[in-house]
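> Before I ask anything, here is the structure I am working with.
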Amino acid sequence: MNILDILTLSWRQLKQRKSRSILTILAIAVGVTSIIALSSQVEGVQHEIVQSLETLGPENIMVTVGGRTLFADADVVRLASLEDVAAVTPVINTNVEVFGLDEPVTLMGVSSLGIENVLGEIKLSAGALYTDVPAPQVVIGSKIAVDDLGETQFVVGQPIVIQASSTINTMAVIGILDDYGASLIFQPDNTILIPLTYMKTLMPRSGYTLIIVTAENPENIDQITEQIGYVFGDRASVTSIKQISNTVVTITSQINILLVGVVSISFIAAGLGTFNIMMISVLERIREIGILKAIGMKDKSVLTLYMSQGFFIGIFGSIMGLGLGIAAAFAIPLLLGEMGDFGPPDPGSNMPSSQSSGMGPPGDMSFAYTPIISLQYVVIAVVASIIIALLSSAYPSWKAARMKPLDALRYE
Amino acid sequence: MEQLIVVEDLWKTYRVGDIEFPALRGVETRVNKGEFVAIVGPSGSGKSTLLHIVGGLDSPTRGRVIVNDVDISKLNSDKLAEYRNRDIGFIFQFFNLIPYLSAVENVELSSAIANVNRKTRRAKAIKLLEVFNLTDKTSKKPTELSGGEQQRVAIARALINDPILILADEPTGNIDSETGYGVIEAFRKSVENFGTTVLMVTHDIELPKFCDRTIMLKDGKVIEEVA
Ligand SMILES: Nc1ncnc2c1ncn2[C@@H]1O[C@H](COP(=O)(O)OP(=O)(O)O)[C@@H](O)[C@H]1O
Ligand SMILES: [Mg+2]
Chain H
3 MNILDILTLS
13 WRQLKQRKSR
23 SILTILAIAV
33 GVTSIIALSS
43 QVEGVQHEIV
53 QSLETLGPEN
63 IMVTVGGRTL
73 FADADVVRLA
83 SLEDVAAVTP
93 VINTNVEVFG
103 LDEPVTLMGV
113 SSLGIENVLG
123 EIKLSAGALY
133 TDVPAPQVVI
143 GSKIAVDDLG
153 ETQFVVGQPI
163 VIQASSTINT
173 MAVIGILDDY
183 GASLIFQPDN
193 TILIPLTYMK
203 TLMPRSGYTL
213 IIVTAENPEN
223 IDQITEQIGY
233 VFGDRASVTS
243 IKQISNTVVT
253 ITSQINILLV
263 GVVSISFIAA
273 GLGTFNIMMI
283 SVLERIREIG
293 ILKAIGMKDK
303 SVLTLYMSQG
313 FFIGIFGSIM
323 GLGLGIAAAF
333 AIPLLLGEMG
343 DFGPPDPGSN
353 MPSSQSSGMG
363 PPGDMSFAYT
373 PIISLQYVVI
383 AVVASIIIAL
393 LSSAYPSWKA
403 ARMKPLDALR
413 YE
Chain E
20 MEQLIVVEDL
30 WKTYRVGDIE
40 FPALRGVETR
50 VNKGEFVAIV
60 GPSGSGKSTL
70 LHIVGGLDSP
80 TRGRVIVNDV
90 DISKLNSDKL
100 AEYRNRDIGF
110 IFQFFNLIPY
120 LSAVENVELS
130 SAIANVNRKT
140 RRAKAIKLLE
150 VFNLTDKTSK
160 KPTELSGGEQ
170 QRVAIARALI
180 NDPILILADE
190 PTGNIDSETG
200 YGVIEAFRKS
210 VENFGTTVLM
220 VTHDIELPKF
230 CDRTIMLKDG
240 KVIEEVA
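For the record, the sequence lines run as chains H and E. Take 3 as the starting number for the first sequence in the working numbering and just add one per residue. Take 20 as the starting number for the second sequence in the working numbering and just add one per residue.
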């Protein structure tokens, strides 16, 4: 019997038991939907994190204090003298209170040239950057300029009153940063940038809390990281953006593997369901199989007739699962967004000392990302569901194929 | 006359648990090409069993069945399937139509199994249904047809591949006698027009007189053959 005719017959059988067929297809679809919907979140988050790290510069290495002693100018000079180092950006971070704001923010002393190494790309929504003069001029983050309720608090040219340690200082806002969103390392939106030279006059006895070392070339990162570790020993912890990025990729890949593992349980359930339904289909069609064989249908055609039903179920399950999965993939971030912020912790509470490295966990978890549907997971999901559907149809089909025509015809 | 069927010392023993029951005990008979033969006998005498073995639906325990010069007990399962499809037209007491296929699709099915292309087989199926006065029922499902109509569809299906042998097991058992005569007439036409051979099992004492010959079975043996 021609394969097209067998497929037509197979299709007619599925149509005859429409609701049952649809249920089986749905069972298969669930697995595909979960894989697509969930893996795309993880991939999306991964991409977002890696990208935000990349904008900070893949050639940057963060050197933060390991013990109690902050970095001195000698340390900066030492780092600058290392081979293949293009730039060294010393930074002083401290938590401050701003009059008019409830939450403490980070005051970051950094030279005008160093700003780019801190922020990655410089994006201003108003005003300009400062120059390296010891003047009380600041560039403020977007969430300081405009509060959560959308009310403008500060504009360019306006004074801002800051309480650092015990002194109260009035400074001039000369620039406002664009929205940077949550970044893993800095929170530019809640940061006030100030010339390093002026920061030093505010806190004359403070050393640097953070030094950013920029490599000539991303390829030298590992080697420079090693050297810095050797120079500072326990005094500093050294992390390259590249390392963090690699760690993030490793972790998210592991999460995805775990996810596929969990979802395969749903595939097993779907497989058992398909097996069950195919078995019922074959059993209730025993007489019919007898008729088909009596009028000359060969065993292998009968096998194809039932295997193809499994194949149809797998194919339609995958298509439906893909559709639902893609829809769910894009709906999930919207739903999470609806649920609002995940309760931002007080930025000051992370750091017991007033000196902050600026490397604490982000205060605001509701960062935006776009789910990424990767071909790899689509292929895994589709192939898995077709294999499951075929495997679970194999035994029932085989049973149908080897039935003796007369026994089948006599079956009541 | 050319012989179509040769049955030699045919035995069929059914085993149910430890008990062996011989349904056929050395049947011997011959049927010529183009003969219309009735098989009669009491219930349980082995009529159906004989028909099934001749039609390649069941295998003998002992003995030989030669149809059209082929020893069918030597055929493998695929060859038997081909034999049933091309050479045999089965007609059962309970019609045995496929419930989700329309009348014309049921008729076509045998032809589809024989790999005849869609257009040719559809045309032939429609023509056959016409012959059996079912032109207005071609797209009806079996459940929408009367018993007589269903049996005519089943006969059309049995005829679509131009079989050399029609095996009918009580074809009139579930239809009224009026329709029953129609069925006999259809067989007769087929015998006369195409030289088809017909073996028909029947309980109806009236029907054998329309046949060329009657084979009588009792306890798994041929006890009488009347021309
Ligand atoms: N599959 C089977 N298993 C056991 N016994 C069977 C089977 N098929 C038929 N028989 C027995 O074989 C005998 C002949 O059956 P059958 O050929 O159907 O008789 P008939 O058609 O003449 O009524 C019966 O006694 C029946 O019970
Ligand atoms: Mg019988």
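Each residue gets a CB set at the ideal place from its N, CA and C atoms; glycine is no exception. Just so we're clear, the structure is a prediction, and the values are computed from it rather than from any experiment.
I'd like to check one pair, GLN169 of chain E with PRO182 of chain E: are the Cβ atoms closer than 8 Å?
Translated into positions along the second sequence, residue 182 of chain E becomes position 163. Translated into positions along the second sequence, residue 169 of chain E becomes position 150. Against a cut-off of 8 Å, the Cβ pair of GLN169 of chain E and PRO182 of chain E comes out as no contact.
> Assuming THR252 of chain H and GLN48 of chain H form a contact by the criterion Cβ under 8 Å, report the distance between their Cβ atoms to the nearest whole angstrom.
Counted from its first residue, the first sequence places residue 252 of chain H at position 250. Counted from its first residue, the first sequence places residue 48 of chain H at position 46. The pair is not a contact, with the Cβ atoms about 10 Å apart (cut-off 8 Å).
> Could you name the residues of the same chain whose beta carbon sits closer than 7 Å to that of LYS133 of chain H, not counting the 5 residues immediately before and after it, in chain order?
Taking the first residue of the first sequence as 1, we reach residue 133 of chain H at position 131. Looking at the sequence provided, one finds Thr at residue 133 of chain H rather than Lys. For THR133 of chain H, where only same-chain residues beyond five positions count, the Cβ hits under 7 Å are SER114.
> Confirm the yes/no value for this check: CB of PHE40 of chain E, any heavy atom of ligand 1, distance under 7 Å.
What you label residue 40 of chain E is simply residue 21 of the second sequence in a count that begins at 1. For ligand 1, at least one heavy atom lies less than 7 Å from the Cβ of PHE40 of chain E.
> Are the beta-carbon atoms of ILE194 of chain H and GLY143 of chain H separated by less than 8 Å?
Stepping through the first sequence from its first residue, residue 194 of chain H is reached at position 192. Stepping through the first sequence from its first residue, residue 143 of chain H is reached at position 141. Result yes, Cβ atoms of ILE194 of chain H and GLY143 of chain H sit closer than 8 Å.
> Does ligand 2 have a heavy atom nearer than 7 Å to the CB of LYS66 of chain E?
Counting from 1 along the second sequence, the entry for residue 66 of chain E is found at position 47. For ligand 2, at least one heavy atom lies less than 7 Å from the Cβ of LYS66 of chain E.
> Could you give the first and the last residue of the continuous beta strand (DSSP E) run that contains MET219 of chain E?
Along the second sequence, one-based indexing puts residue 219 of chain E at 200. Where MET219 of chain E is concerned, the enclosing beta strand (DSSP E) stretches over 216-220.
> Counting only runs of 4+ residues fully inside the segment 263-297 of chain H, write out the alpha helix (DSSP H) ranges in chain order.
Whole alpha helix (DSSP H) segments, 4+ residues: 288-296.
> What I want to know is whether the C-beta of VAL418 of chain H ends up closer than 7 Å to one or more non-hydrogen atoms of ligand 2.
Residue 418 of chain H is absent from the structure shown; chain H starts at 3 and stops at 414.
> Ligand 2 heavy atoms versus the CB of ASP188 of chain E: any closer than 7 Å?
Locating residue 188 of chain E in the second sequence gives position 169, where the first residue counts as 1. Result yes, Cβ under 7 Å from ligand 2.
> Below 7 Å, is the gap between the Cβ of VAL241 of chain E and the nearest heavy atom of ligand 2?
Position 222 of the second sequence, counted from the first residue, corresponds to residue 241 of chain E. Checking the Cβ of VAL241 of chain E against ligand 2 gives no.
> Going by DSSP, what residue range makes up the beta strand (DSSP E) through PHE109 of chain E?
Here residue 109 of chain E refers to the residue found at position 90 of the second sequence. Unbroken beta strand (DSSP E) run through PHE109 of chain E: 107-110.
> Run down chain H in chain order and give the residues with a C-beta less than 7 Å from the C-beta of ASN104 of chain E.
Looking up residue 104 of chain E in the second sequence gives position 85. Here the neighbours are ILE297 and GLY298.
> By the three-class DSSP mapping on this structure, what secondary structure does TYR182 of chain H have?
Translated into the one-based positions of the first sequence, residue 182 of chain H becomes position 180. Coil.
> DSSP beta-bridge partners for ASP90 of chain E?
For the purposes of this step, residue 90 of chain E is identified with residue 71 of the second sequence, where counting begins at 1. Note: ASP90 of chain E sits in a beta bridge opposite E:ILE85.
> If you follow the beta strand (DSSP E) that VAL35 of chain E is part of, which residue opens it and which one closes it?
As a position in the second sequence, residue 35 of chain E is number 16, starting the count at 1. Where VAL35 of chain E is concerned, the enclosing beta strand (DSSP E) stretches over 22-35.
> To which residues does DSSP link PHE114 of chain E through a beta bridge?
Taking the second sequence and counting its residues from 1, one reaches residue 114 of chain E at position 95. Answer is none; PHE114 of chain E lacks a bridge partner.
> Per DSSP, what kind of secondary structure is GLN165 of chain H in: helix, strand or coil?
For the purposes of this step, residue 165 of chain H is taken as residue 163 along the first sequence, with counting starting at 1. Of the three classes helix, strand and coil, the one that applies to GLN165 of chain H here is strand, per DSSP.
> Look up PHE73 of chain H in the DSSP assignment and say whether it is helix, strand or coil.
Residue mapping note: residue 73 of chain H aligns to position 71 of the first sequence, counting from 1. Three-state result, PHE73 of chain H: strand.
> Note down, in chain order, every chain E residue with its Cβ under 9 Å from the Cβ of LEU408 of chain H.
Within the first sequence, numbered from 1, the residue matching residue 408 of chain H stands at position 406. Here the neighbours are HIS71, LEU76 and ASP77.
> Going by beta carbon distance, what residues of the same chain come within less than 8 Å of GLN22 of chain E, once the five residues before and after it are set aside?
Within the second sequence, numbered from 1, the residue matching residue 22 of chain E stands at position 3. So the list reads ARG49, VAL50, ASN51 and LYS52, once near-sequence residues are dropped.
> How many Å lie between ARG232 of chain E and MET219 of chain E at the Cα?
Sequence index remark: in the second sequence, residue 232 of chain E carries index 213 (1-based). Sequence index remark: in the second sequence, residue 219 of chain E carries index 200 (1-based). Between ARG232 of chain E and MET219 of chain E, the C-alpha separation is close to 11 Å.
> Can you tell me where the beta strand (DSSP E) holding PHE55 of chain E begins and where it ends?
Within the second sequence, the letter at position 36 stands for residue 55 of chain E. Unbroken beta strand (DSSP E) run through PHE55 of chain E: 55-59.
> How should ALA246 of chain E be labelled, buried or exposed, when 16 other C-beta atoms within 10 angstroms of its C-beta is the threshold for buried?
Looking up residue 246 of chain E in the second sequence gives position 227. So ALA246 of chain E ends up on the exposed side.
> Report the start-end ranges of each beta strand (DSSP E) in the segment 120-172 of chain H that is 3 residues or longer and not cut off at the edges.
Correct list: 126-129, 139-142 and 161-166.
> Tell whether a beta-carbon distance below 8 Å holds between ILE170 of chain H and VAL100 of chain H.
By 1-based counting over the first sequence, the position of residue 170 of chain H is 168. By 1-based counting over the first sequence, the position of residue 100 of chain H is 98. In this structure, VAL100 of chain H does not lie closer than 8 Å to ILE170 of chain H by Cβ.
> For a cutoff of 8 Å on Cβ pairs, would you count ASP238 of chain E as touching chain H?
Taking the first residue of the second sequence as 1, we reach residue 238 of chain E at position 219. False, the Cβ-Cβ gap to chain H never drops below 8 Å.
> Is the beta carbon of GLY108 of chain E sitting closer than 8 Å to the one on ILE185 of chain E?
Taking the first residue of the second sequence as position 1, residue 108 of chain E is located at position 89. Taking the first residue of the second sequence as position 1, residue 185 of chain E is located at position 166. Contact: yes.
> Assign ILE8 of chain H to one of three DSSP states: helix, strand, or coil.
Position 6 of the first sequence, counted from the start, is the residue given in the question as residue 8 of chain H. ILE8 of chain H: helix per DSSP, three-state reduction.
> Could you check the C-alpha separation between THR66 of chain H and SER54 of chain H for me, to the nearest Å?
For this step, residue 66 of chain H is matched to residue 64 along the first sequence. For this step, residue 54 of chain H is matched to residue 52 along the first sequence. Looking at the two C-alpha atoms, the distance is approximately 20 Å.
> Apart from the five residues just before and just after PHE73 of chain H, which ones in its own chain have a Cβ nearer than 6 Å to its Cβ?
Taking the first residue of the first sequence as 1, we reach residue 73 of chain H at position 71. GLY209, TYR210 and ILE213.
> With a Cβ-Cβ cutoff of 8 Å, do GLU189 of chain E and GLN112 of chain E count as a contact?
The sequence position of residue 189 of chain E within the second sequence is 170, counting from 1. The sequence position of residue 112 of chain E within the second sequence is 93, counting from 1. Taking 8 Å as the Cβ cut-off, GLU189 of chain E and GLN112 of chain E qualify as a contacting pair.
> Quick one: residues in its chain with C-beta nearer than 7 Å to the C-beta of ASN115 of chain E, no 5 flanking neighbours on either side, listed in chain order?
Position 96 of the second sequence, counting from 1, holds the residue named residue 115 of chain E. Contacts found: ALA173.
> Would a C-beta distance cut-off of 8 Å place ALA217 of chain H and ILE230 of chain H closer than the cut-off?
Your numbering for residue 217 of chain H matches position 215 in the first sequence. Your numbering for residue 230 of chain H matches position 228 in the first sequence. No, they are not a contact pair.
> Determine the direct distance from the alpha carbon of LYS17 of chain H to that of SER23 of chain H, and round the result to whole angstroms.
By 1-based counting over the first sequence, the position of residue 23 of chain H is 21. By 1-based counting over the first sequence, the position of residue 17 of chain H is 15. Rounded to whole angstroms, SER23 of chain H to LYS17 of chain H spans 8 Å at the Cα level.
> How would you call PHE151 of chain E, buried or exposed, if buried means at least 16 neighbouring beta carbons within 10 angstroms?
As a working note, residue 151 of chain E is residue 132 in the second sequence. Burial call: buried.
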